[in-house]
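Worksheet: the structure to be examined is printed underneath.
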């Protein structure tokens, strides 16, 4: 189904809204085949992520090592202690972190696009990433004093400030003008936060390398500890967003219609924005700024599988995870033993892919 | 008699250089006689000559290495301002001037008659030229010879050519001694860590050259990218299993030797299990100035100790 996401007025749109409302009243269920397909793709990406890397671990060794990890099964993988350490302490945490970060960014992007009824909304364009970036930079510059919990917290505060500023600007300056004004406000807020961040960086150029590498995005240098930091935020945020999938479908029809179905649009908007921002800030603080996932994955899924959130959200989450895991495979192997920043890979790989999807579906746009 | 006198005078005039060196160097007139001088600005073999009209008395250094060199050759009193990164020696007149983002107006406030910088950021040289201030560019040295050349050029530009020559002689000798004291480390591999996210200096850098003098092999040199300061992948570092790890991120980022063993996979690394993770002074290691000898001696000591330990355990 193709819902009108831009809030445009007109007879055709009204008819579409009426159709959508009837369909919503019928309580649609998850399209399990589509979600199942997404899950298979995600698992496949995880397997590729486990098997491929700059260290030659051998396909057989990795597979046997995974089998060995099953409780009650004991096989000898033939891996050396060093290879085992590389697999369990470096490669696997990166793959798992890729799943968390990718799922979170895609879910957050879908949620923002839903609540703002704006196809262009994404953590980047709403000023959230740059706000979170400023918060995390302050944390990095402050050094050890802030600690592993402090950086996500600062990033969250920054991200929330970013989206609040964007929303406030967008709704006062350009009240009633819709999607484009919010995005333009986001660009202004983002530029402002970036400028402050650059200034802070320049004052503390000792940590320049760290901040630079963080800005381009990078998965895990710290093994499982980054996974442990991100996991609770991601699980809670994604769960809250997923629970709201039906409500998002209702909101897509319009605030008045949503209210008539017993949904409080303002409350839902607040809950989802805070949740998605918290999750985004948490992953941004461990993995740096990884662009593109939040906007491209939801749109690609929408074009390929439809715009209804009850299918869109779980699929975006699964495919976002798969996309980032595969992007990281490229990031760590393309120029091995050097690293390519994953943000570079997501844009280089994601943009052409997205254009192909756009071209194929131009008729439905 | 008269003829002889005239001949002697003419000979004297013709050979200014030799006469100056032979004559008493304390006379101010003699020191002035060295100017104007032409000094090479930029890398050896690729730079331009810069003319310095008279002995500079208000020098600005925008490079920590140049600052150390200026004080080494005895031109410290002529320096009026150094950049915010120049933290050695203590008596250097440190200011808020930045070498990364040079501000020409702020530099000219000090009315310099010579500016020394490592990079021509933001057309620094051209802008200072408009104000008729000569600028000496001394970019990061590629090897020790380049570093010696820069020391000599700073000596020539400031009227301390002799001291510079002496300093270079001493440096050569001390470095040779440190190298002679160390065991041959050919085939021993190392990782030089610049930051906690594994940025490193390859063997092609000045730092790498210094390690190379001992025969040490850089694990980053198998990198296909040709990047001088690549960011290495963590799997790669653990698999490369370096014999030695040098931490040049202790001052900046608080990395301690005992932290390193807790990193994912590092327990299995030879350098960690053999106790061969060492903190090096990152300021000394990242500058190509006169204190490079401290760095060479530090590496030499580490290798001597390691040799003793290997002999002890090997029986």
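Chains as they are written, first to last, in my numbering: chain A, 123 to 487; chain B, 2 to 316.
Each residue gets a CB set at the ideal place from its N, CA and C atoms; glycine is no exception.
Asked	Found
In the region 232-249 of chain B, which residues sit with their C-beta less than 7 Å from some C-beta in chain A, listed in chain order?	232, 233, 234, 235, 236, 237, 239, 240, 242
Just the Cα atoms here: how many angstroms apart are residue 313 (chain B) and residue 203 (chain A)?	26 Å
What number of angstroms, rounded off, separates the C-alpha of residue 32 (chain B) from the C-alpha of residue 38 (chain B)?	Its pLDDT being 49, under 50, residue 32 (chain B) is placed unreliably in this model, and the value from its coordinates should be taken loosely. Taking the straight line from one Cα to the other gives about 12 Å.
Quick check on residue 238 (chain A): does DSSP put it in helix, strand or coil?	coil
Note down, in chain order, all residues in the region 263-293 of chain B with a beta-carbon under 7 Å from any beta-carbon belonging to chain A.	265, 266, 268, 269
Can you name the residues of chain A whose CB is closer than 7 Å to the CB of residue 228 (chain B)?	460
Let me know the secondary structure DSSP gives residue 368 (chain A) once reduced to three states.	helix
Which residue marks the beginning of the alpha helix (DSSP H) containing residue 164 (chain B), and which one marks its end?	162-182
With DSSP collapsed to three states, give me the class of residue 248 (chain B).	strand
Starting from residue 40 (chain B) and walking both ways along the beta strand (DSSP E), at which residues does that stretch end?	38-42
Taking residue 347 (chain A) as the reference, give the member of A:226, A:314, A:407, A:306 with the closest Cα.	A:407
Which residues, in chain order, does the region 154-176 of chain A contribute to contact with chain B at a C-beta distance below 7 Å?	175, 176
List the whole-angstrom C-beta distance separating residue 232 (chain A) from residue 420 (chain A), where the pair is believed to meet the contact cut-off of C-beta under 8 Å.	4 Å
Leaving aside the five residues before and after residue 271 (chain B) along the sequence, list all residues of the same chain whose C-beta is less than 6 Å from its C-beta, in chain order.	242, 244
Of the residues B:130, B:308, B:56, which one's Cα is nearest the Cα of residue 162 (chain B)?	B:56
Closer than 7 Å, CB to CB, is residue 204 (chain A) near chain B or not?	yes
To the nearest angstrom, how far is it from the Cα of residue 284 (chain B) to the Cα of residue 169 (chain A)?	44 Å
Assuming residue 352 (chain A) and residue 448 (chain A) make a contact with CB atoms under 8 Å, what is their CB distance in whole Å?	That pair is no contact at about 19 Å.
Are there 16 or more other CB atoms within 10 angstroms of the CB of residue 301 (chain B), so buried, or fewer, so exposed?	buried
With three or more beta-carbon pairs closer than 8 Å as the criterion, would you say the region 179-189 of chain B touches the region 199-216 of chain B?	yes
In the DSSP output, which residue or residues are listed as bridge partners for residue 191 (chain B)?	B:219, B:245
Using the beta-carbon count (16 or more within 10 Å), is residue 209 (chain B) buried or exposed?	buried
Using a C-beta to C-beta distance shorter than 7 Å, which residues of chain B count as neighbours of residue 207 (chain A)?	239, 266, 268, 269
Give me the subset of the region 98-109 of chain B whose CB atoms are less than 8 Å from a CB atom of chain A, sorted by chain position.	101, 102
Answer with buried or exposed for residue 84 (chain B), where buried requires no fewer than 16 other C-beta atoms within 10 angstroms of its C-beta.	buried
Can you find a C-beta in chain B that's less than 7 Å from the C-beta of residue 409 (chain A)?	no
Any chance the region 42-54 of chain B sits against the region 70-80 of chain B, with 3 or more Cβ pairs inside 8 Å?	no
Would residue 445 (chain A) be called buried (16 or more neighbouring beta carbons within 10 Å of its own) or exposed?	buried
Identify whether residue 50 (chain B) lies in helix, strand or coil by the three-state DSSP scheme.	strand
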